[in-house]
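>
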Amino acid sequence: MNRSPSGPSQRTTPRRISSSNVLHGSHVVIHEYFAPPETALYLGDRLHVVDNGDPDWLHGFKQN
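Going by UniProt numbering, the sequence shown opens with residue 1, and the numbers climb by one from there.
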């Protein structure tokens, strides 16, 4: 097995955003998400965020 002379590479942990840093309320989609028609998100869609307790996902509903 070959090892790097500088040792193993360091992994960085993604920075988590606390739920207090993301505002609840109305947001506008700027990246499209293609899925079944009832869950697809298109540029300009308005969303109302009701929960952001998960650092990877915002939970809400379409306002359109």
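Even for Gly, the Cβ is constructed at its ideal location relative to N, Cα and C. Here the structure is a predicted model, which is why all the values come from computation and not from measurement.
Should histidine 48 and phenylalanine 34 be called a contact, given that it needs their Cβ atoms to be closer than 7 Å?
The residue given as residue 48 occupies position 48 in the sequence shown. The residue given as residue 34 occupies position 34 in the sequence shown. Result no, Cβ atoms of histidine 48 and phenylalanine 34 do not sit closer than 7 Å.
> Glycine 25 bridges to which residues according to DSSP?
Here residue 25 refers to the residue found at position 25 when the sequence shown is read from its first residue. The partner list for glycine 25 (beta bridge, DSSP) reads Val49.
> Can you name the start and end residues of the beta strand (DSSP E) that phenylalanine 34 belongs to?
Position 34 of the sequence shown, counted from the start, is the residue given in the question as residue 34. From DSSP, phenylalanine 34 is part of no beta strand (DSSP E); its letter is neither H nor E.
> Taking a contact to mean a Cβ-Cβ separation below 7 Å, would you say aspartate 45 touches valine 29 in this structure?
Position 45 of the sequence shown, counted from the first residue, corresponds to residue 45. Position 29 of the sequence shown, counted from the first residue, corresponds to residue 29. Cβ distance < 7 Å, so aspartate 45 and valine 29 count as in contact.
> Which residues does DSSP pair with leucine 41 in a beta bridge?
Within the sequence shown, the letter at position 41 stands for residue 41. DSSP output for leucine 41 lists Tyr33 as bridge partner(s).
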